[in-house]
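Shown next, in structure tokens, is the structure this report addresses.
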Amino acid sequence: ALDALQPRRRAWSKWRPRIEHAQCVHPKDQKRFASIGVIASMQPIHAVSDRELADTEWPSVTANAYAWGALQRGGARLAFGSDAPVESADPLLGIDAATGWRRRARWHPELAVIKASAVRAYTSDAAYAAGMEDEVGSLKPGFLCDLTVVHDGKVEATVVGGRLRWRRPGAASRRSASGARSRSSPR
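Note that this note's numbering has the sequence shown beginning at 47, numbered continuously upward.
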């Protein structure tokens with residue numbers, strides 16, 4: 047796929063090519079993503095569900111499969127998604143797959159990324175891949191704001207369209223977390 051895209055680089059002024067499901071990338075091609083300017087679009091949760099099949103059917107390939115860390119070290123921009131409804135739409139599962147799961151499973155842990163990189167791949171880099179980096183993907187004034195507040199792996203609140211839509215019962219509000227009384231605090 048990279049060979050097909052490379053000669054057409056000059057035509058990219060208004061679009062951002064990406065390779066979807068870039069799950070098995072030859073080591074020689076890992077740095078080419080960056081040098082050509084192609085985005086590696088992947089679904090980290092696939093590594094969890096595909097591991098057994100990959101180890102059984104393609105054992106020689108698994109050392110370079112789902113190579114998020116290697117692609118990133120090569121300078122590639124990563125864009126993560128869920129592939130729902132094939133997999134769960136829960137981005138926390140994908141972030142865990144890209145970061146901690148590989149280490150816990152002892153399945154080529156050197157290919158994992160850190161949490162900040164995984165979050166960026168789901169947010170600002172995914173927005174860039176879609177050509178929407180001036181509207182979504184970052185917490186900036188004027189940007190559309192849908193976000194999930196997570197603490198210790200648990201969802202604390204969700205914000206949709208810049209408005210708080212759900213808060214875990216008992217979750218600290220911004221005011222109560224800073225020591226001020228929350229609306230539900232006794233007077």
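Think of the CB as a built atom: it goes at the ideal place given N, C-alpha and C, for glycine as much as any other residue.
Do residue j and residue i come within 8 Å of each other at the CB atom, strictly closer than that value?
i: R78; j: G177; result: no
i: M88; j: A68; result: yes
i: A135; j: S128; result: yes
i: H92; j: E133; result: yes
Output needed for residue i: all residues of its chain with C-beta closer than 7 Å, excluding positions within five of it in sequence on either side, in chain order.
i: I157; result: Inspection of the sequence shows that residue 157 is occupied by Leu rather than by Ile. Cβ neighbours of L157 beyond the five flanking positions: Y112, A113, W114, G115, A116, R148.
i: D101; result: T108
i: A57; result: none
i: V182; result: A173, F189, L190
i: R55; result: I82, G83
i: A217; result: E202, A203
i: A175; result: R62, R64, I85, S87, A125
i: A167; result: L124, A125, F126
i: Q52; result: I82
i: V94; result: A143, W147
i: G120; result: Q76, K77, F79, A80
i: E179; result: S170, A173
Considering only residues of the same chain and omitting the five flanking positions on each side of residue i, which have a CB-CB separation below 6 Å?
i: A144; result: P90, W114, V159, A164
i: K161; result: T145
i: A50; result: none
i: I141; result: A164
i: V206; result: D192
i: S231; result: Because the pLDDT at S231 is just 38, under 50, the model does not fix this residue reliably, and the value given afterwards should be weighed accordingly. No residues qualify anywhere along the chain.
i: P73; result: N110
i: G70; result: The residue asked about is misnamed: residue 70 is Cys in this sequence, not Gly. Only V107, A111 meet the Cβ criterion.
For residue i, which residues of its own chain have a beta-carbon under 8 Å away from its beta-carbon, when the five flanking residues on both sides are left out?
i: L48; result: I65, D75, R78, F79, I82, V84
i: P155; result: R148, R149
i: K60; result: none
For residue i and residue j, which I take to be in contact (beta-carbon distance under 8 Å), what is that distance rounded to the nearest angstrom?
i: L138; j: D171; result: That pair is no contact at about 17 Å.
i: R209; j: V201; result: 17 Å between Cβ atoms; not a contact.
i: S184; j: T169; result: 7 Å
i: R211; j: W153; result: Wrong, their Cβ atoms sit about 37 Å apart, outside the cutoff.
Against chain C, does residue i count as a neighbour if the rule is that its beta carbon must be under 8 Å from one of theirs?
i: R150; result: Among the chains of the structure shown, chain C does not appear; only one protein chain is present.
In chain order, each alpha helix (DSSP H) run of at least 4 residues that lies wholly inside the region 64 to 152: Segments of the alpha helix (DSSP H) lying fully in the region 64 to 152: 73 to 76, 78 to 82, 91 to 103, 114 to 119, 137 to 142, 148 to 151.
Within the region 151 to 213, ranges of the beta strand (DSSP E) (whole runs, at least 3 residues): Counting only runs that start and end inside the region 151 to 213, the beta strand (DSSP E) elements of at least 3 residues fall at 193 to 197, 200 to 206, 209 to 213.
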